[in-house]
Structure formats: C-alpha cells, structure tokens
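Below is one structure; the comments refer to it alone.
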Amino acid sequence: MDDIAITFNFVSKKYGLKRGWSFANIGNEIRRLGQQLVLRDTAPREYFWALKDVSFEIRRGETVGLIGANGAGKSTLLKILSRITSPSSGRFEVKGRLGALIEVGAGFHPELTGRENVYLNGAIMGMRKDEIDSKFNRIIDFSEIGQFLDTPTKHYSSGMEVRLGFAVAAHVDPDVLLVDEVLAVGDAAFQAKCLNKLAELKSQDRTIVLVSHNLANIVQHCDRVLWIDHGTLRASGDPDDVVEEYLRTVSTLPMAIHKGKSALNGGKKESSRIISVCIKNARGETTDLVEYGAETTIEIEYCSDDSELDPVVCVTFQDVQGYNLGGLTSRFGGLKLEARGTSGTARLILSPVLFTRGVYSVSVSLLDSQLQKFLDVFPAACYLVVEGPSAATGQISGHVIFPHRWEIVDGCSLSSAHTCNRVLIETM
Amino acid sequence: MNYLRELREYSHLIVSFARRDIRARYKQTALGIAWAILQPFSLMVVFTLVFSRLAQIPSDGVPYPIFVYSSLIFWTYFATSVSQGTVAMTANATLVRKIYFPRETLLVAVFLAAGLDLLIAFSILLLLFIYFQYALTWTVLWVLPLLLTQLLFTSAVICLTSAIHVYFRDIGHALQLGLQLWFYATPVAYPVSVVSQKLKPLYFLNPMASIIDGYRRSLLHGDVPDFEVVGAWLLIAFILAGVAYIVFKKAEATFADVI
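Protein chains in written order, with our numbering: chain A, -11 to 416; chain B, 19 to 277.
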C-alpha cells in the first residue's frame, strides 16, 4: 500500500552482555572462537534481546504513541527507526525524510556561537544550507535566545541550549517525526509552544511517533498507541483502551499487600523497619483501585528499635516517571509513634483522594525524630490506581484536582483585574 | 555506489563539520590561524638545525630548509589526518549515539580541515621558493596525482583505524607510536639517496616513501616521478580505499551500540 509510512517486519535487536575481546579474558574468547570453528555449535555468548520479532505498520499522517515501562525497548525501537543502530534481524522501512526530536542539542559545539550552531545542527539533521537560511529567522524567534545569538553556546544556560536545539529540530519539516520525551523540557510557555508545533505538524499530515511517560499526553495527541513490553509488541490500538490495559498491568504487578524488603538494613530483625504497606478503600477492603473523591487509607505496619525515640513515618506519592507529587509525614500530622511501643500500624487517611486518573506509586520511609536520618526506605511500596476524571480530556491537566469552584463576577474589566493583580503583589 | 550517493546528499554536513573543526581549533587562541603557518615553519627551523647542521644529512644539493619543508607539509597532512581521523568517531560519540548521518562525513571533514592547513603551509613554500631563488617547473603538476594517491591511501587507513577505535581504544595509543616510526621510514628529513641499495626494494613497500619522494622530485628537481610506480600506487590505493570504505560502512551499523 502506498500510504504506509513505517513498516517493521519481525525486527529484533540483541546486545551482548559481556564485552568480548579484552586482555583479561582473551583466553576465553580464543577458546570460544576455537570451539565455534571446530564444533560449529557451541553455547553462544549471553545475549539480551532488547527487541524480539516486533512487527507493525504506521500509516502516513498517523500520530502513534509508544508506551512501556523503562527498559521495555522503546528507546531501542526509536534508535532503529532513526537508523542510529541497525536491527540484528528483520527488516524495516521508513518512507520519506525522517526527523528526530531525540536529545535536542546533541550536536552543539560549545565553542561555536548560537548562530554557527544553528547551521551545524541543521546540517546534522539533514537540512541544506539554503533551507536553513530561509528558516533561520523563524528558528531564532522560536528559540527565544534573542541577543545571545552570537555568544558561544558554552555560555548558555541549559534551558537556552535545549530551546535552541528544539527550535532547530522542530523546523526540519520531516515526513516522519520521532519525538522522545522532549515535551518535558523548558518552562510552561515553551512547552505550550512545542505542543502547538506538534499540533501544526499533525495538521500537515505528517507521521509522528511520540514516546512519553506522560500517558495523558499520549492519549490526548495520538490516534493509536503501541505498547512495548519486554521487547515485544504487547498491544496496539485505540489509545484509551491500550493505556487502560497498560495501567492495569502496571498496577497488578505488585500484590496489594506488600511485605517490606528493607532496602537499608537487609531485613535484620532488631532494626527499625517498615514491615508492610497496603491500601484500603472506604469500606475497609484491601485494594489498589480507588475512586477520585473517595476516602482511602494507607496502612503502614512498622517496628522500631528501642533506642529510636519518636520515629516518623513518611509517605510520598510519585507519578509513573518517578516525579515527587507530594509527601506527608506523621510529624506534620501531629502523630506520635513512640507512645505505641516498638511496633504498630500507622494509618494515613486521604479524605478524599484528589489525584486525576492514573497510576501513582506510594513510597514509604521511616525517619528518626530529627527528620535527618532514614531508618528504612520502601520505594514504590504499592501503587494507587485512581479512577476518575482524566487529564487526557484536556479539560484538566497534571495529577491533582484542587478543591475549587468557578465564579463569574459582573463588571470586572480586564484593566481593573490588572490593578487587582498589582495590588496583590504590592501587599505581598 | 549507494553509499557515495548518500554521502553527496550530506555534502553540506561535511562542510559544516570541517568549518566546526577549523573554528573550534583556533577559537580562544591569540594567534588564531597563524598557528597553521607557525607550526610547520618552526618545525622546519628545528629540522634544519638538527638534521642539516648537527647530523650533516645531505639534501641532494637543495637548500635544506626547502628540502625538508616541501615534504614536511605533506607528511604533516598525512599524520594529522590519520591521528584525527582515527579518533573522529569517538570524539563525536554523543552525535554518533544520538543522531543518524553517514559517519564517514566526519572523516571527510578531517581531510578538509587539515587540508586548509596544508594550503596555507603550501603558500609559505612558494614564498620560500622566492626567498631561495628557486624556480618551479611544469612538473609541479605531478603533485596532484600524488596528492590523490595520498588521499586515497589515507582514507583506507582511517576508515579502518576509526572503526577499530570504536571497539578498541588501544589503536589510539599504538598509532601515535606507529606514526613516529613511520616518519623515520619515510624520506621526509633525509633524501632517498642515503638509503642503501640493498634495502631499497623493502623501503619502497612503504607507499608514503614513494609519494613523498615523488613530491620532492616534481617540486624541487623538476623531475618526473616514475609513471609506473605512481600509477601502481594510485591503483592500489584506490582498491584499498574502496575495500576499507565497505568495511567501514558494515561496521558503522553497530557503532552506536558500542561507542
């Protein structure tokens, strides 16, 4: 068919786990080579299959999201797609010019000025000189680096460098665009610009492959989602369905009740540690599925060393990327643990849960009374799978819905709103 | 052939890389591009003092400064291209790891960047000719096929060494040593006439020996190099470069995994 932009046909990629020839194990290697020559059939070196028999097609003009846990093979797939590395077996085809928003600014030379680097980076991404000439002003406007155009990039802030890199990459005008996590760069205003650029490319019927840990972004922008799991294509289809399935798998991986494997003390009995963590819904049932707006309890069973006076339990919530969304301690809640003796169960009651739809990991730690020393940590002790309003609708964003209401006040013009603002700043 | 077609599409990138290399080399230096003159010139002075005055090396009746300078600049072009070309992949590791482009563009850029130095140094040679009141003859045109042979031969070397350097950094160390030995096995600081007749067949197995001797004959002696010898080396260099290029392109596919 003519309108297929990307074809993957049983593509596999393996990596050798051990470095082969070196002075230290040259003997082993020679023996292995000898065996191979004589026997023709020996145990091969240990391999890791980053991708195994992955096949799919992407139509022209489609925006496809790529999801999967860290190390599932997303990056390897992108590397093969962008021809940085070649597959160990299988065939793939990309029609048209390919552009990649992976690692923007990788081609910058610190001694060269911003202007020189625009030309260099443009050339690395496959643009001709006249093409860069004609787009130069737009690139500079987009990057917002303004007066620093003729300053060597070694003096740039990292934000400026990323912006300039993205600006060049965004103007390559490829037929197929690969986007890897770059929507996470820059401030809010720049991110908005990037999303607009993406929407613009989408409207021009470009094929876009988007990799992001931000599932809301994926659902919002993609026509289809591919789910890569342990190097294979686990699912492909409607973004809502695939993301839903993905979230369920992620959340059912660990059990609902989690026995503590102390990360600090190696599970020594006598030390202070977290024994188990579990989530209970309003009816007191152990679960990890909770509803937005419902009451939810996190139960932490712990024991503490006699010598440890007044330990503190700390619970933090992270999104799938591992960003901290907020943490609470028993100290802040005014709870004293020492009164209960050396062991007990602390309960953190969220009333209600304010997270948007998605999966959040709950990390628990035990600190000394000074909040200085970790007595035990239990990263990603369990997962909170929240049902409710989704950021993918675009009506809300981020991970938290604040308790709020909207109002319209008559007779408040824009100019008076301005003065309100200014008064507020002055009083601060 | 597909390789070459793609390489041509990226010709703008080659120029950009070369410009980057040249700019970066002379950025934040007070003398800037003058170093391109200063370096071979001061080497010439040192060589004249050591080899001509102290060691009394003959120079076939040519003033020793021109004698050594005329071959030194071409040798420097070879040595610089080889040592910079070998590390071209690893020096640009972040690029190789992140972005696709034909990797040999980095090698061609090395030739261009070092070529600028050669051009500047060559113009100084012309000034030396005037100073020593030495006449050029039409045989100077022989420099072109010789330079082509040298380029092809250097390409063959760096296609292999740069690919090997991705896997084994050993070659970087070995090469510095190798280039020094190679320098003494090549008639840069001394004339071919001091090499004993018995050794000569072995001596001229070194392609750089024939090439450097050829430059000297055509530039200084108004002599025509052996047509058969130059032709044979040109053919051999062409084949070697072709084979090395194919090997390089095969290895290129996994550079990003190893580098």
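Glycine residues also receive a C-beta, built at the ideal position from the N, C-alpha and C atoms.
Whose CA, out of the options, lies closest to the CA of residue i?
| i | options | result |
| --- | --- | --- |
| Gln74 of chain B | B:Phe222, B:Ala269 and B:Val212 | B:Val212 |
| Val301 of chain A | A:Ser264, A:Leu355 and A:Ala270 | A:Leu355 |
| Phe96 of chain B | B:Thr66, B:Leu169, B:Asp241 and B:Pro205 | B:Leu169 |
| Ala127 of chain B | B:Ile264, B:His30 and B:Tyr233 | B:His30 |
| Gln194 of chain B | B:Leu25, B:Val68, B:Val105 and B:Phe245 | B:Val105 |
| Thr272 of chain B | B:His183, B:Ile254 and B:Arg235 | B:His183 |
| Gln198 of chain B | B:Thr98, B:Glu24, B:Ser77 and B:Ser60 | B:Thr98 |
| Lys268 of chain B | B:Leu125, B:Val248 and B:Ala181 | B:Ala181 |
| Gly249 of chain B | B:Leu164, B:Arg235 and B:Tyr152 | B:Leu164 |
| Val82 of chain A | A:His97, A:Leu66, A:Phe96 and A:Gly95 | A:Leu66 |
| Val247 of chain B | B:Ile32, B:Thr157, B:Trp93 and B:Asp231 | B:Asp231 |
| Phe80 of chain A | A:Ser131, A:Ser70, A:Gly53 and A:Tyr371 | A:Ser70 |
| His218 of chain A | A:Asn109, A:Thr73, A:Leu359 and A:Val42 | A:Val42 |
| Met62 of chain B | B:Ala207, B:Val158 and B:Ala174 | B:Ala207 |
| Ser259 of chain A | A:Asn125, A:Tyr290 and A:Leu235 | A:Tyr290 |
| Cys182 of chain A | A:Val156, A:Val164 and A:Gly102 | A:Val156 |
If residue i sits next to residue j, beta carbons under 8 Å apart, how far is it from one beta carbon to the other, in whole angstroms?
| i | j | result |
| --- | --- | --- |
| Ile286 of chain A | Leu336 of chain A | 4 Å |
| Ser357 of chain A | Gln306 of chain A | 25 Å between Cβ atoms; not a contact. |
| Pro58 of chain B | Ile84 of chain B | About 12 Å separates the two Cβ atoms, so there is no contact after all. |
| Phe36 of chain A | Lys2 of chain A | 7 Å |
| Ile216 of chain A | Phe366 of chain A | Not a contact, Cβ separation roughly 28 Å. |
| Val213 of chain A | Ile55 of chain A | 6 Å |
Which first and last residues belong to the beta strand (DSSP E) in which residue i is found?
| i | result |
| --- | --- |
| Pro391 of chain A | Pro391 of chain A -> no beta strand (DSSP E), and no H or E assigned at all. |
| Asn(-3) of chain A | Ile(-8) to Gly4 |
| Gly346 of chain A | Gly346 to Leu355 |
| Thr220 of chain A | Thr220 to Gly225 |
| Phe36 of chain A | Tyr35 to Arg47 |
| Ala207 of chain B | First-last for Ala207 of chain B: undefined, no H or E at that position. |
| Ala88 of chain A | Leu86 to Leu89 |
Kindly identify the DSSP beta-bridge partner or partners of residue i.
| i | result |
| --- | --- |
| Glu279 of chain A | A:Glu375 |
| Cys291 of chain A | A:Arg261 and A:Ser331 |
| Asp168 of chain A | A:Val199 |
| Trp215 of chain A | A:Ile55 and A:Ala223 |
| Arg236 of chain A | Partner(s): none; Arg236 of chain A has no beta bridge. |
| Thr304 of chain A | A:Gly315 and A:Ser351 |
| Pro140 of chain A | A:Thr101 |
| Asp364 of chain A | A:Leu354 |
| Leu338 of chain A | A:Thr284 |
| Lys268 of chain A | A:Thr274 and A:Thr285 |
| Cys210 of chain A | Partner(s): none; Cys210 of chain A has no beta bridge. |
If we define contact as Cβ-Cβ less than 8 Å, is residue i a contact residue for chain B?
| i | result |
| --- | --- |
| Arg103 of chain A | no |
| Pro162 of chain A | no |
| Ser0 of chain A | no |
| Ser224 of chain A | no |
| Ile72 of chain A | yes |
| Val397 of chain A | no |
| His143 of chain A | no |
| Glu414 of chain A | Only weak support exists for where Glu414 of chain A lies, its pLDDT of 47 falling under 50; the value from the coordinates is given anyway. So, not an interface residue. |
| Lys185 of chain A | no |
| Arg79 of chain A | no |
| Glu34 of chain A | no |
| Lys67 of chain A | yes |
| Gly255 of chain A | Legend: pLDDT at Gly255 of chain A = 49, less than 50; position of this residue unreliable, value from coordinates given subsequently. No, no contact with chain B. |
| Leu241 of chain A | Confidence is the limiting factor: at Leu241 of chain A the pLDDT is only 48, short of 50, which leaves the residue's position unreliable, though a coordinate-based value still follows. By this cut-off, Leu241 of chain A is not an interface position. |
| Ala60 of chain A | no |
| Ile112 of chain A | yes |
| Tyr3 of chain A | yes |
| Val411 of chain A | Note on Val411 of chain A: pLDDT 48, under 50, position unreliable in the model; the coordinate value appears next. Chain B contact via Cβ: absent. |
Should residue i be flagged as near chain A, meaning a C-beta pair shorter than 8 Å?
| i | result |
| --- | --- |
| Ala274 of chain B | yes |
| Gln48 of chain B | Looking at the sequence itself, residue 48 of chain B is Ala, so the reference to Gln does not match. Cβ-Cβ to chain A under 8 Å: no for Ala48 of chain B. |
| Arg38 of chain B | yes |
| His183 of chain B | no |
| Tyr118 of chain B | yes |
| Leu125 of chain B | no |
| Lys267 of chain B | no |
| Arg23 of chain B | no |
| Leu130 of chain B | no |
| Thr112 of chain B | yes |
Considering just the uninterrupted stretch of the alpha helix (DSSP H) at residue i, what are its terminal residues?
| i | result |
| --- | --- |
| Phe154 of chain A | Ser146 to Ala158 |
| Phe80 of chain A | It is not in any alpha helix (DSSP H) - Phe80 of chain A instead sits in the beta strand (DSSP E) that spans Ser77 to Val82. |
| Gly134 of chain A | Looking at the DSSP string, Gly134 of chain A is not in any alpha helix (DSSP H), and its letter there is neither H nor E. |
| Glu246 of chain B | Phe245 to Glu270 |
| Arg26 of chain B | Asn20 to Glu27 |
| Glu122 of chain B | Glu122 to Tyr149 |
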